Amino acid sequence: MNRKTEGIDLLRALCLEFGPSGCEDRVADLIKENIEGSYDELIEDRMGGVVALIRGNGKTDKKLMLNAHMDEVGFMVREIRDDGLICFSSMMGPDTRIMAGRKVTVGVPERLTRGVMAIKPVHTVDRGDRDKSAPIDEIYIDIGASSKEEAEKYVKIGDYGTFESDFVQFGENGRMLKAKALDDRLGCALMIETMRKIYANKDNLTYDVYFAFTCREELGMGGVKCTAHKVRPDYALVFEATAVADIHGVPEVSKVAVRGEGGAVSIMDRHTVYDKELTQLILDVSKEKDIPCQIKKYVSGGNDASHIQRSADGVKCAVISAPCGYIHTASDVVALSDYESMCELTLAVLERMNENA
Amino acid sequence: MLKTKELIEKLCDIMSVTGYEYKAADELSALVSPYFDSFYEAVGGAYVGVKKCGRENAPRLMIDAHFDEIGMIVTDIHEGGYLSFSHMGGLDRRIMAASEVYIYGKEKIYGVICAKPPHLQQKGEFKKLQKLDEMLIDTGYSKEELEKIVSIGDGIGFYEKTASLLGNRICGRSMDNKCCAAAAILAAATVEREKMECDIYVTLSFREEESMAGGCVMASYDIKPDAAIVTDVTFARFPGVDDYESVKMGEGPAVSLSAATDRRLTNKIISLAEGAGIKLQRTVDATNTGTNASALCMCGDGIPTAVVSVPLSCMHTYNEIIDTSDIEAAAEVFKTVACSKEIFA
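Residue numbers (this note's numbering), protein chains in the order written: chain A, 1 to 357; chain B, 358 to 702.
Structure, rendered in structure tokens:
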């Protein structure tokens, strides 16, 4: 089956694929199929990432790395009970309000099963506890098995899991996208589209450009650290999704970024102070080419740039993030226009870097 | 042949949030009227499907399955296309954040219930649930455009679709009580008319989730049944739920032993079903069955009423889980009752 797609179809296919942190193989395969014919060389990545090189014309010996992470938030199977229910450890923080009731996919790349994050009926919760979220050890994954023996045919201890969630285009003129894992399959889709365009036109490329689709970002483990150590880039552009707080009732000062106003460029977050020159170049190009982008207004969060920046002798990093509502839930929500303008901005930035080289 | 899973799925696809059951009329009628002699809406109370045995003055058996589902109602429209809402039926606030909904305005539009990003939360805030009036739905519209489609008072239902789990288990929204509606419809559709000893009135009634008296009461005055079976869901066994108030999924429907139901009718159902080889579990609901039965049994001159329930997990979430074998067994119970002479003796 040809799984090569583009545009929204590519984004959809990437988001629907199963790839919790540490178990990104299915996403890696899908990406490999989609970048086929758009690179000069695949670089071995011991951390499980997909790293593709498009060679420059030799005008400069500087190397540029583009990065997005393939993994998504998830969980891991801890125990299978006698009644067939499954206990799990969260790999997405402690907030069960976004877990309870959701459909999930459990397993390993070659064996996946549907389940539900089941909770006891609200009718049986003590009146005094009705304002409390479900404790994580009282949520069980129900795959429909009625015994441990039956469940063990489909799920094993140590298996991975993620949300199962439809890809939905909604809102006025379909301007919003909702899916699981838009953080950071959106970045992966952007890099794939960028590769296709650059490779078709690669005679103009001055830099060697490495496209690194990496693992284990969501746990802060940064599989990209080893990738960067191997590639030794001089510059890195990280494509991410960032939390926003642009909903009704939030004061302007607390709105991290606003969906629909372009990719968010960070000056600084909790783990990285970004390279001033590279960041300014992005902002300048955005202004000159009239491609929307915004500055992330809050020093919060962090991403793989922190690992890239501090790899080897140090790397000059900048980040462009898609403003993403309800991030790290089954319902990441981004504006389609932000994705499109980020793709456009990326090409314009690469073009400017070529000229400057 | 009518497939159980397919029927449940189609019934679940029909939006019937408490108070908005009227919107289901056309879709429901198109789906199920072929299985009945007549299918009509009893004003304000229920959709009624009738299958007659063909004999004059035959006794009337009412099988009531409430057709409404939990949902929400639009209470305000804000700048940026955000909606405030209140509940229709008992909502479980543990599952609301980042859940997906349809808003039933002039057209059906999709929305996501906003979840607060961690950096705006106080330490430990994740342990606490937001009040409903603090929650918002993100529609992706501007206020101006949204107001052309959605008005205050419009209904909201969950988005989730029906999906298969292992074996006969399925999950999705509004299994409570579409799965029991399916059992009643299945019974009427497949019972052989020549064997029927009564006329069957299947009431798919309104507003159980809000008043628990619902439309079945109103419908019963019109139908004047000689006996009634209320069919609804009950708790499946689950950690934290006491064994005495739950039954095992996949091991058949349960009858309710309760002061609120008619014990003679209940005993007859048990002996008929078990005589026909259908396993029945028991729930003890001493003073209240938590179903339409409590109201229905007191209607008119009084209606002998029993409860046949089906085990369901994750009640009042958008992924309620059931076992279709329990639905098929419940349908068999209804057929056995409808074909017996003893039940009205």
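For each residue, glycine too, the CB sits at the ideal point set by N, CA and C.
Given the structure is predicted, the values throughout are model-derived calculations rather than measurements.
Supposed close pair residue i, residue j - CB separation, criterion 8 Å
i: B:A687; j: B:V664; result: With 8 Å as the limit, B:A687 and B:V664 do not qualify as a contact, their Cβ atoms being about 11 Å apart.
i: A:M70; j: A:G19; result: 6 Å
i: B:V548; j: A:K120; result: In fact, because the Cβ distance is near 36 Å, the residues do not count as touching under 8 Å.
i: B:C369; j: B:T519; result: 5 Å
i: A:L186; j: A:A322; result: 5 Å
i: A:D40; j: A:L53; result: 6 Å
i: A:M47; j: A:T214; result: 7 Å
i: B:I678; j: B:R526; result: 6 Å
i: A:T424; j: A:A305; result: In the structure as shown, chain A begins at 1 and stops at 357. Residue 424 of chain A is therefore absent and cannot be evaluated.
i: A:K180; j: A:D332; result: 7 Å
i: A:I295; j: A:I267; result: 6 Å
i: B:G428; j: B:G446; result: 7 Å
i: B:I466; j: B:I434; result: Not really, about 12 Å apart at Cβ, beyond 8 Å.
Amino acids of chain B, ordered along the chain, whose beta-carbon sits closer than 9 Å to that of residue i
i: A:L85; result: F595 and P596
i: A:E150; result: L523 and G524
Beta-bridge pairing of residue i - partner residues as DSSP gives them
i: B:E398; result: B:Y404
i: B:A422; result: B:L561
i: A:E72; result: A:P20
i: A:D142; result: A:V116
i: B:V574; result: Beta-bridge pairing links B:V574 to no other residue.
i: A:E79; result: A:C87
i: B:Q638; result: B:A611
i: A:C324; result: A:A243
i: A:L423; result: Any question about residue 423 of chain A goes unanswered here, given that chain A covers just 1 to 357.
i: A:Q294; result: A:A264
i: B:M311; result: An answer regarding residue 311 of chain B cannot be provided, because it is not within the stretch 358 to 702 covered by chain B.
i: B:C410; result: According to DSSP, which records beta bridges pairwise, B:C410 is partnered with nothing at all.
i: A:Y235; result: A:L64 and A:K316
i: B:V374; result: B:E426
i: B:A702; result: Paired residues: none, contrary to the question.
Buried versus exposed, by CB contacts within 10 Å (16 or more), residue i
i: A:R270; result: exposed
i: B:Y498; result: buried
i: B:V400; result: exposed
i: A:I141; result: buried
i: B:T693; result: buried
i: A:V315; result: buried
i: B:N649; result: buried
i: A:P251; result: exposed
i: B:V389; result: buried
i: B:T644; result: exposed
i: A:R130; result: exposed
i: A:Y210; result: buried
i: B:Y578; result: exposed
i: B:V469; result: buried
i: B:L493; result: buried
i: A:D61; result: exposed
i: A:V253; result: exposed
i: B:Y601; result: exposed
Residue i: contacting residues in chain A (beta-carbon distance under 7 Å)
i: B:A520; result: K103 and R114
i: B:S499; result: E172
i: B:Y467; result: V168 and F170
i: B:S670; result: A118 and D142
i: B:D600; result: Here the premise fails: no neighbours, minimum Cβ distance about 12 Å.
i: B:H444; result: Those within 7 Å of B:H444 in chain A number zero; the least Cβ separation is about 12 Å.
Residues that residue i contacts on chain B, provided the C-beta gap is smaller than 8 Å
i: A:T329; result: A454, A455 and A472
i: A:E138; result: P596 and G597
i: A:A134; result: R451
i: A:A322; result: Result: empty, since nearest Cβ-Cβ is about 14 Å, beyond 8 Å.
Listed by chain order, chain B residues near residue i by CB distance under 7 Å
i: A:S300; result: H476
i: A:K178; result: V469
Chain A contact residues for residue i, given Cβ-Cβ distances below 8 Å
i: B:L493; result: I247, H248 and G249
i: B:K692; result: Under the 8 Å cutoff, chain A gives no residues; its nearest Cβ is about 26 Å from B:K692.
i: B:K484; result: K132 and S133
i: B:T681; result: Simply none; closest approach about 11 Å.
Proximal chain A residues relative to residue i, where beta-carbon distance stays under 9 Å
i: B:F592; result: K120, P121, H123 and T124
i: B:G447; result: V122 and H123
What ranges does the alpha helix (DSSP H) occupy inside the region 563-630 of chain B, keeping only unbroken runs of at least 4 residues that lie completely in it? 565-568 and 571-580
Quick one: which unbroken beta strand (DSSP E) runs of 3-plus residues sit fully inside the region 435-486 of chain B? Chain order, please. 439-445, 457-461 and 465-470
In chain order, which continuous runs of the beta strand (DSSP E) of length 3 or greater are located wholly inside the region 502-538 of chain B? 512-515 and 526-529
Inside the region 133-189 of chain A only - alpha helix (DSSP H) runs reaching at least 4 residues: 148-152
4-residue-minimum alpha helix (DSSP H) runs that sit fully inside the region 637-686 of chain B, ordered along the chain: 650-653
Going along the region 414-438 of chain B in order, which residues come within less than 7 Å of chain D, judged by CB to CB distance? This model lacks chain D altogether; the protein chains it does include are A and B.
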